[in-house]
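First comes the structure, then the notes that go with it.
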Amino acid sequence: MEYKRSNKEKEVFSYENSKGKLWMYRHKYYDGLTGKRKEKKKHGFKTEKAAIQALLEVKAQTLRGVTSYIENDNLTVAQWLDIWYETNQKKWKVTSRKQREMAIRVQMKPLIGHFKLQQLTKSLYQKNFIDVLEQKYKPSTVRLLHNLFKIAINAAVEDERLDRNRFTKIAFKNEDNQTAKREENYLTPEELNLFLQTAKETENITNYTFLLLVAYTGMRRGEACGLQWQNIDFKNNTITIERTRDSKGARTPKTKNSMRTIKVDKSVIVQLEKYKTWCKATLFAFGNKLNDSTFVFISYQTGEPISDSGLLYMVRRVVENAKLPEITLHGLRHTHCTILLNKGVNVKVIAERLGNTPAMIYEVYGHVLKELEEETVQIFSDSIGANFGAKK
């Protein structure tokens, strides 16, 4: 096959095959890690301009020393997901590992696994992944799968397989009205008051105390289930989160940020004191004693630590009895954060309280922060009490 050098770029060539005249580039560079001379070439461009543009992108990468990006341009999404999972699975908690394995196998690979990782654009991702998922799953599930994919993409950027994450601002359906609020899974302050009052009147003391604690702290359900009495400081009104517990047992939280000590309202401490007295009597009835390592939340029927599996039905009962919109237990965490944001509490403070990073707060609660930004503009204007029109 005969190659003819372009008059515009010495590393771009034209050639003829059964498809007609096509273009290719051939770029030589030094590997930033090994120092070895390498060559990157690619055929099949329909125009000279397209070949030159692709070559310039490769040159820009080599100048920045990001040669691994160049060498992985044929890597598919499925191949990267396999690499990401196999490399990191031992670092993840068992729940995260199972969740990510299933998402990769059931949704990500079938829908977008065949795309080249570097060629998956935002529009292709929206059409072939998000739009398809929204036809099958509820909004919260779609957001979860989107967030999991972004984690995998961020890892590809860190590993220099991609230059950036293109999937940070994706459009979701029904985000501009009251329906969106319900899909975001949180209650207003008035609704939360009704929820807790109903729980107090209709649920047993364990369930009510559990819901009160989660609502007033934004704690994850596993973190609440993992609390032991030694984690409650009645003198200083603080609670220390140092483990999570579910049907698979107790273990350390999934991230370092989750290990934290937070202040709690005095009313919560008072309820915990009452509940502790009840726990002592209940454990005694079953021939046991309460000590520092005893799990806080126990069943009134057995005296054993409660199971996280029954919490879903507990919340559902309270919602139905209070005639409130549907919400999950995790929705109480969203409620806690949303209320604090609406009261103007610093994002960093909220992140530390919830065991998140500020970036995660901005990611999940961006819609709330956007509304607050608009209110802030009006507040400033109202505060100075002036109306400066355009100068004539």
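Residue numbers for the sequence shown follow this note's numbering, beginning at 2 and rising by one.
Glycine included, each C-beta is placed from N, C-alpha and C at the ideal position.
Source: prediction; values computed, not measured.
If glycine 45 and leucine 76 are in contact, beta carbons under 8 Å, what's the gap, nearest whole angstrom?
Not a contact, Cβ separation roughly 17 Å.
Where does lysine 15 fall in DSSP's three states?
Before going further, note that residue 15 is serine rather than lysine in the sequence given. Looking at serine 15 - three-state DSSP - the assignment turns out to be strand.
CB-CB under 8 Å to threonine 203, same chain, minus the five flanking residues each way: which ones, in chain order?
Arg318, Val319 and Asn322
Verify whether the separation of the beta carbon atoms of phenylalanine 235 and alanine 225 is less than 8 Å.
no
Decide if lysine 41 is buried, meaning its Cβ has at least 16 other Cβ atoms within 10 Å, or exposed.
buried
Outcome for methionine 315 when other beta-carbon atoms lying within 10 angstroms are tallied against a minimum of 16
buried
Kindly indicate the opening and closing residues of the beta strand (DSSP E) around arginine 252.
250–252
Under a three-way DSSP split, which group does glycine 304 fall into?
coil
Could you check what DSSP says for lysine 344 in three-state terms: helix, strand or coil?
coil
Is the distance from the Cβ of leucine 273 to the Cβ of lysine 281 below 8 Å?
no
Looking only at DSSP bridge pairs, what is glycine 21 linked to?
Asn18
Do you know how far the Cα of tyrosine 366 is from the Cα of threonine 339?
8 Å
Do the region 148–167 and the region 292–303 meet, that is, are 3 or more Cβ pairs less than 8 Å apart?
no
Looking only at C-alpha atoms, which of Thr48, Glu10 and Gly227 sits nearest to lysine 20?
Thr48
Any idea what DSSP makes of glutamine 229, helix, strand or coil?
strand
Sort Ser141, Gln198 and Lys43 by Cα distance to phenylalanine 173 and report the nearest one.
Ser141
Starting from the C-beta of tyrosine 301, find all residues in its chain whose C-beta is less than 7 Å away, skip the five residues before and the five after it, and write them out in chain order.
Asn205, Thr207 and Thr283
Determine, using beta-carbon pairs with one atom in the region 84–96 and one in the region 124–144, whether at least three such pairs fall under 8 Å.
no
Mind checking which residues open and close the beta strand (DSSP E) that includes arginine 144?
Element bounds for arginine 144: not the beta strand (DSSP E) but the alpha helix (DSSP H), 140–159.
The alpha helix (DSSP H) enclosing phenylalanine 46, as first and last residue numbers
From DSSP, phenylalanine 46 is part of no alpha helix (DSSP H) but of the beta strand (DSSP E) over 38–46.
Near lysine 11, what residues of its chain come up, given a Cβ to Cβ distance below 6 Å and the 5 sequence neighbours on each side ignored?
none
Those residues which DSSP pairs with aspartate 234 across a bridge
Thr239
Which of helix, strand or coil does DSSP assign to isoleucine 171?
coil
Using the C-alpha atoms, what's the distance from arginine 162 back to leucine 118?
8 Å
Threonine 256, enclosing alpha helix (DSSP H) - first and last residue
It is not in any alpha helix (DSSP H) - threonine 256 carries neither H nor E in the DSSP assignment.
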